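**Q** Before we start, here is the structure in question, set down as C-alpha cells.
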Amino acid sequence: MGRPQIFGAALGAVIGVVFVWQGALDAFFTALFIFGGWVVGKYAAGGMPAVDDMLERFVSNRNRDRDG
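Using numbering that gives the first Met the number 0, the first residue of the sequence shown is number 0, and each one after it goes up by one.
Shown next as C-alpha cells:
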C-alpha cells in the first residue's frame, strides 16, 4: 500500500460517519476520526519516530518494573 496515511484517513472518515450518523456535532467527530486514522496511518508508515521512542521507553520501564 503506497500511502497508509491516506488509507487511514479514509477509513477514519468512514468509521466517523457511521458513528455520528444520527448524533450531534457530526462535523467535529468526523474530523476527529479522520485525524485519528491519519495518525495511525502515519505511525504505521514509520513517519513518527518520536512516538516510537516514547513507546520504547514506556515498554522498557514497564518491563523493568515487572522484573524486579
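For glycine and all other residues, C-beta sits at the position ideal for the given N, C-alpha and C.
Just so we're clear, the structure is a prediction, and the values are computed from it rather than from any experiment.
What do you get for residue 33, buried or exposed, if any count of 16 or more other CB atoms within 10 angstroms of its CB means buried?
**A** Numbered from 1 along the sequence shown, position 34 holds the residue referred to as residue 33. Buried, since its Cβ has 16 or more Cβ neighbours within 10 Å.
**Q** Report yes if the CB atom of residue 50 is closer than 8 Å to the CB atom of residue 7, and no otherwise.
**A** Walking along the sequence shown from the start, residue 50 turns up at place 51. Walking along the sequence shown from the start, residue 7 turns up at place 8. Result no, Cβ atoms of residue 50 and residue 7 do not sit closer than 8 Å.
**Q** Provide the residue span of the alpha helix (DSSP H) that contains residue 11, from first to last.
**A** In the sequence shown, counting from the first residue as 1, residue 11 sits at position 12. From DSSP, the alpha helix (DSSP H) with residue 11 extends over 3 to 18.
**Q** Hey, how far is the Cα of residue 10 from the Cα of residue 36?
**A** For this step, residue 10 is matched to residue 11 along the sequence shown. For this step, residue 36 is matched to residue 37 along the sequence shown. Approximately 6 Å, taken between the alpha carbons.
**Q** Please classify residue 3: is it buried, with 16 or more other beta-carbons within 10 angstroms of its beta-carbon, or exposed?
**A** Along the sequence shown, read from residue 1 onward, the residue named residue 3 stands at position 4. Classification of residue 3: buried, given that the 10 Å Cβ count is 16 or more.
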